[in-house]
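2 protein chains.
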Amino acid sequence: MTDKKVRLGIIGLGAEGGMYAQFLAEGRVPNMVIGAICDTLPEQKAKADAYGVPFYADYIEMLESGDVDAIVTTVPHYLHAEMGIEALKRGIHTLLEKPVGVYTKQAREVIEFAKTKPEVKFGVFFNQRTNPLYKDLKVLMESGELGALRHTSWIITTWWRPQGYYNQSEWRATWGGEGGGVLVNQAPHQLDLWQWICGVPKNVFAKCAYGFKRDIAVEDEVNALVDFGDGATGTFITCTNDMMGTDRLEILCDKGKIVVDNSKQVTITRLSQPEQVLSVNMSMEEVSKLFMGQLDTSTMMTTETKDYGSVWGAQHCDVLENFAAQILEDAAPLAPGEDGIHGVRLANAIHLSSWTRKEVSIDNFDEDTYMAELNKRIAAEGKFPTRS
Amino acid sequence: MTDKKVRLGIIGLGAEGGMYAQFLAEGRVPNMVIGAICDTLPEQKAKADAYGVPFYADYIEMLESGDVDAIVTTVPHYLHAEMGIEALKRGIHTLLEKPVGVYTKQAREVIEFAKTKPEVKFGVFFNQRTNPLYKDLKVLMESGELGALRHTSWIITTWWRPQGYYNQSEWRATWGGEGGGVLVNQAPHQLDLWQWICGVPKNVFAKCAYGFKRDIAVEDEVNALVDFGDGATGTFITCTNDMMGTDRLEILCDKGKIVVDNSKQVTITRLSQPEQVLSVNMSMEEVSKLFMGQLDTSTMMTTETKDYGSVWGAQHCDVLENFAAQILEDAAPLAPGEDGIHGVRLANAIHLSSWTRKEVSIDNFDEDTYMAELNKRIAAEGKFPTRS
């Protein structure tokens with residue numbers, strides 16, 4: 006450990022940036038302090054003054070000021086990648102808010118650029134990866150104890166957002182300003198966790214509903230069916246219009262099953278032997294019993310239930326602390342920047358499948374067609390310039 | 006009420022047919038008795054003798070004997086439709102086991118033929134429709150109280166079947182003998198209930214795994230994503246290889262949500278107003294509260310939980326009793342024969358989508374392509390003749 010503290014430049018003092026500033030000001034991140042604050046709204050200077058830190062209206066000036074060792078980008082999604090490149094270029098450690106880009110091309114640009122600067126740390130703000138529940142599942146799945154994946158489904162419809170939320174700003178829930186709806190704003194956490202724990206799917210077929218129950222251009226409802234190869238499949242369901250939202254994740258493997266309710270309770274069932282072995286070795290007498298409801302399979306499995314609490318804000322502080330530790334002590338990264346592309350690619354592929362009504366390859370994702378289709382929607386919307 | 010009892014001819018005295026015979030012999034169906042029993046295995050005559058009823062090796066002979074008013078077909082799936090037509094032709098009331106046909110063409114043939122015999126009753130054995138839980142859901146959804154459907158998902162993986170089950174007979178789990186796996190044998194009940202309660206989807210995209218974790222030619226794993234039109238969607242997941250099976254049905258509507266666990270517990274949440282009205286009328290202050298975790302939405306909804314027991318066999322007796330009542334008193338049918346096509350068509354469409362890796366129309370289902378693809382598989386298997 007060192008007494009040195011990383012000086013963080015916060016770009017964008019909105020709801021999220023303001024929260025990080027407050028956490029740092031309260032000393033909740035032992036190895037990090039606010040270095041400076043940047044916002045395009047001049048009236049935010051008062052808050053920087055209150056924290057006793059320099060204020061910049063131009064983020065490039067802040068990057069070149071010598072006031073910051075690292076930055077975090079709490080700005081509209083389209084800006085993450087370009088701000089990341091400008092920071093990395095200047096040797097400033099870069100923690101990008103998710104998504105690292107709105108489209109894979111943009112995400113790849115910043116990820117490729119970061120590779121040319123191996124001495125500068127580059128991370129993505131996947132705070133859910135610090136959630137002990139999901140960390141434990143990641144360890145369990147990686148250990149191989151439950152065997153190969155067979156099927157997984159996540160219904161994550163707790164992202165309820167009323168119309169007023171969408172009416173807050175011009176860029177929100179637009180193609181040109183945000184590049185999507187629930188897939189790019191709310192669900193990226195689960196799109197990351199799902200792939201982090203279960204693996205990256207090979208292809209996807211999806212149905213989205215755009216402006217379904219909200220007056221918005223983008224998707225407020227998503228159903229995706231993915232294929233992990235070798236017969237393993239999964240479904241991912243999310244929306245922002247279910248006031249009584251469900252959060253239920255199931256992961257079925259060769260040797261057991263995980264069920265997570267409300268991101269709080271985990272039920273793990275472990276089979277005494279791989280399911281196929283139990284299946285093949287079952288006698289005809291046992292098969293008959295099964296049909297008379299007399300077969301007791303409980304001796305072939307054990308079930309464990311764990312409850313996890315949650316401390317609001319702790320996740321965000323943990324991400325900041327880990328990022329500072331990477332800089333100060335070369336600690337292992339929680340979410341390396343390049344991991345950010347998986348969620349972006351899956352979200353893009355879900356959009357593209359729903360637009361083309363065809364199954365879309367994730368392995369060989371056609372990012373040019375995606376860009377062309379996205380630009381069509383940005384142009385039709387007529388509020389923001391198209392992208393290249 | 007009348008004292009007259011319907012004399013039922015049971016075609017096929019296997020596990021299912023034997024169970025019906027026992028129920029009737031025990032007097033569990035007040036308006037029905039065994040009229041005769043038919044089986045191709047001569048050794049089954051002893052059982053008919055024990056019940057004191059005539060035995061036939063040839064079902065046509067039984068149909069023409071004058072011993073039966075009605076029949077039920079507990080025989081391999083491919084035979085249901087042709088036996089139905091032969092019975093209807095002779096004025097014998099016909100209760101077909103599900104599925105009414107293995108493919109829609111076959112199902113349509115018997116359904117069309119039945120229309121030419123309006124005086125003869127024609128039903129399908131969907132015993133789950135007598136389950137009070139699903140009957141209540143049907144009434145609730147039809148009442149319009151919860152408003153239009155938005156989304157539904159059913160994970161029904163409690164159909165675990167070990168390898169020994171599949172090894173019991175030559176025709177089981179083959180293309181030529183059974184015409185499919187979990188979709189035609191186990192899940193037809195849920196395919197029927199789902200469409201009975203939520204409506205008939207317009208199209209489907211599906212991924213099935215054939216012989217995935219069992220040594221069989223047909224599917225033991227199914228993922229289907231359907232579209233009901235107007236943005237309403239659904240997912241249906243089933244398999245026979247999950248020993249720790251899940252049975253969870255969700256139905257989200259404009260004014261509430263239904264969650265069913267294990268076909269036993271129903272949780273109904275009713276919104277005080279349609280969700281879109283609550284969304285639009287929410288003040289910015291309330292939106293801010295939502296993000297600070299301080300918004301109390303509980304005043305906008307009420308939740309009711311109901312537990313349902315189950316009496317094994319009661320469902321089957323109820324179906325037989327209703328069918329007899331249709332014959333004797335022209336009672337309203339529980340499951341008219343023509344309803345049988347919905348489950349068959351959806352199962353066929355799921356197969357076809359998984360084979361072609363394309364979305365398939367259910368509205369305008371291409372049954373010729375389906376037949377051609379099915380026959381390819383029957384021919385490759387080389388155990389049974391192809392179909393036409």
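If you read the sequences in order, they're chains A and B. Going by my numbering, the first residue of the first sequence is number 6, and it counts up by one from there. Going by my numbering, the first residue of the second sequence is number 6, and it counts up by one from there. We treat Cβ as the ideally placed atom computed from N, Cα and C, and that holds for glycine.
Would you say I4(B) faces chain A, with C-beta separation under 8 Å as the test?
Chain B is shown from 6 up to 393; residue 4(B) falls before or after that span and cannot be answered.
8 Å Cβ cutoff, P167(A) in contact with chain B
Put simply, the CB of P167(A) is near chain B, with a gap under 8 Å to one of its CB atoms.
What does a CB cutoff of less than 7 Å around R350(B) pick up in its chain, not counting 5 residues either side in sequence?
Counting only Cβ-Cβ distances below 7 Å, and skipping sequence neighbours, we find T109, I367 and F370.
Ignoring anything shorter than 3 residues, give me the beta strand (DSSP E) runs that lie fully in the segment 208-258 of chain B, in order along the chain.
With a minimum length of 3 residues, the continuous beta strand (DSSP E) runs that stay inside the segment 208-258 of chain B are 208-215, 224-234, 237-244 and 252-258.
Can you list, in chain order, the residues of its chain with a C-beta nearer than 6 Å to that of T307(B)? Leave out the 5 residues immediately preceding and following it.
Answer for T307(B): R275, listed in chain order.
Alpha carbon to alpha carbon, what distance is there between K120(B) and G185(B)?
Taking the straight line joining both Cα atoms gives about 28 Å.
Do S268(B) and I160(A) count as a contact pair if the criterion is CB distance below 8 Å?
With contacts defined by Cβ atoms closer than 8 Å, I160(A) and S268(B) do not form a contacting pair.
Short check: CB of Y25(B) to CB of A41(B), under 8 Å?
Result no, Cβ atoms of Y25(B) and A41(B) do not sit closer than 8 Å.
To be precise: take each residue of the segment 20-41 of chain A, compare its Cβ to all Cβ atoms of chain B, and keep it if any distance is under 9 Å. Which residues remain?
For the segment 20-41 of chain A, residues whose beta-carbon sits nearer than 9 Å to a beta-carbon of chain B comprise A20.
Should L283(A) be flagged as near chain B, meaning a C-beta pair shorter than 8 Å?
Yes, because at least one Cβ of chain B sits closer than 8 Å to the Cβ of L283(A).
Out of curiosity, what's the CA-to-CA distance linking I76(A) and S358(B)?
Their backbone Cα atoms lie some 48 Å apart in a straight line.
Is there a Cβ from chain A that is less than 8 Å from the Cβ of E226(B)?
Yes, E226(B) lies at the interface with chain A (some Cβ there is under 8 Å from its Cβ).
Any residues in the segment 125-159 of chain B with a beta carbon nearer than 8 Å to a beta carbon of chain A? Which ones, in chain order?
Along the segment 125-159 of chain B, the positions whose C-beta sits under 8 Å from a C-beta of chain A are R155, H156 and S158, read in chain order.
Helix, strand or coil, according to DSSP, for D339(A) in the structure here?
One detail in the question is off: residue 339(A) reads as Leu in this sequence, not Asp. In the structure shown, L339(A) sits in coil (DSSP, three-state: anything other than H, G, I, E or B).
Residues of its chain near E378(A), where Cβ-Cβ distance is below 6 Å and the 5 sequence neighbours each way are ignored
Answer for E378(A): W360, listed in chain order.
What do you reckon, are the CB atoms on L13(A) and V73(A) nearer than 8 Å?
Yes, the Cβ-Cβ distance between L13(A) and V73(A) is below 8 Å.
If you run the structure through DSSP and keep just helix, strand and coil, what is T374(B)?
Three-state DSSP puts T374(B) in a helix.
Tell me the rounded alpha-carbon separation between T251(A) and L283(A).
Cα to Cα, the separation comes out at about 33 Å.
C-alpha gap between M305(B) and S277(B), whole angstroms:
In this model, M305(B) and S277(B) are separated by some 5 Å (Cα to Cα).
Beta-carbon neighbours of L230(A), restricted to chain B and to distances below 7 Å:
The contacting residues are F210, K212, N228 and L230.
Kindly examine the ligand GDP and report whether one of its heavy atoms sits closer than 7 Å to the Cβ of V187(B).
Annotation note on the ligand GDP: not contained in the displayed structure, which lists no ligands.
Using a Cβ-Cβ cutoff of 7 Å, what residues of the segment 248-261 of chain A are near chain B? List them in chain order.
The residues in question are M248, M249, T251, E255 and L257.
What does the alpha-carbon distance come out to for the pair L29(B) and I39(B)?
Cα-Cα distance, rounded: 6 Å.
Please list, in chain order, all residues of the same chain as G204(B) whose beta carbon is under 7 Å from its beta carbon, the five residues on each side excluded.
So the qualifying residues of the chain are L154 and F233.
Is there at least one Cβ from chain B nearer than 8 Å to K9(A)'s Cβ?
Answer no: the Cβ-Cβ gap between K9(A) and chain B never drops below 8 Å.
Where the alpha helix (DSSP H) containing K262(A) begins and where it ends:
In the DSSP assignment, K262(A) falls outside any alpha helix (DSSP H) and lies within the beta strand (DSSP E) extending over G261 to D266.
What residue ranges within the segment 21-108 of chain A form continuous alpha helix (DSSP H) runs of no fewer than 4 residues, ordered along the chain?
As far as the segment 21-108 of chain A is concerned, its whole alpha helix (DSSP H) runs of at least 4 residues are 50-56, 64-68 and 85-94.
Y313(A) to Q320(A) span [Cα, whole Å]:
CA-CA distance, Y313(A) to Q320(A), rounds to 14 Å.
Name the residues in the segment 272-306 of chain B whose C-beta lies less than 8 Å from a C-beta of chain A; which are they?
Only T274, L276, E280, Q281, L283, S284, V285, M287, S288, M289, E291, V292, L295, F296, G298, T302, M305 and M306 from the segment 272-306 of chain B bring a Cβ to less than 8 Å from some Cβ of chain A.
In chain A, what lies closer than 7 Å to F5(B) by C-beta?
For residue 5(B) there is no data in the structure shown, the boundaries of chain B being 6 and 393.
In this structure, does DSSP put M6(B) in helix, strand or coil?
Only weak support exists for where M6(B) lies, its pLDDT of 48 falling under 50; the value from the coordinates is given anyway. It is coil, neither helix nor strand.
Own chain partners of I97(B) with C-beta closer than 8 Å, once the 5 adjacent residues on each side are dropped
Cβ neighbours of I97(B) beyond the five flanking positions: G14, L68, V73, D74, A75, I76 and V125.
Strictly under 8 Å for the Cβ-Cβ distance: is S243(B) near chain A by that measure?
In the sequence under discussion, the amino acid at residue 243(B) is Thr, which differs from the Ser named in the question. At a cut-off of 8 Å, the C-beta of T243(B) has no neighbouring C-beta in chain A.
Alpha carbon of N208(B) to alpha carbon of R392(A), nearest angstrom
Rounded to whole angstroms, N208(B) and R392(A) show a C-alpha spacing of 34 Å.
Using the DSSP secondary-structure output, state which residues sit across from V129(A) in a beta bridge.
In DSSP, V129(A) forms a bridge with L101(A).
M6(B) versus A340(B) - alpha carbon distance:
Legend: pLDDT at M6(B) = 48, less than 50; position of this residue unreliable, value from coordinates given subsequently. Using only the alpha carbons, I get a separation of about 21 Å.
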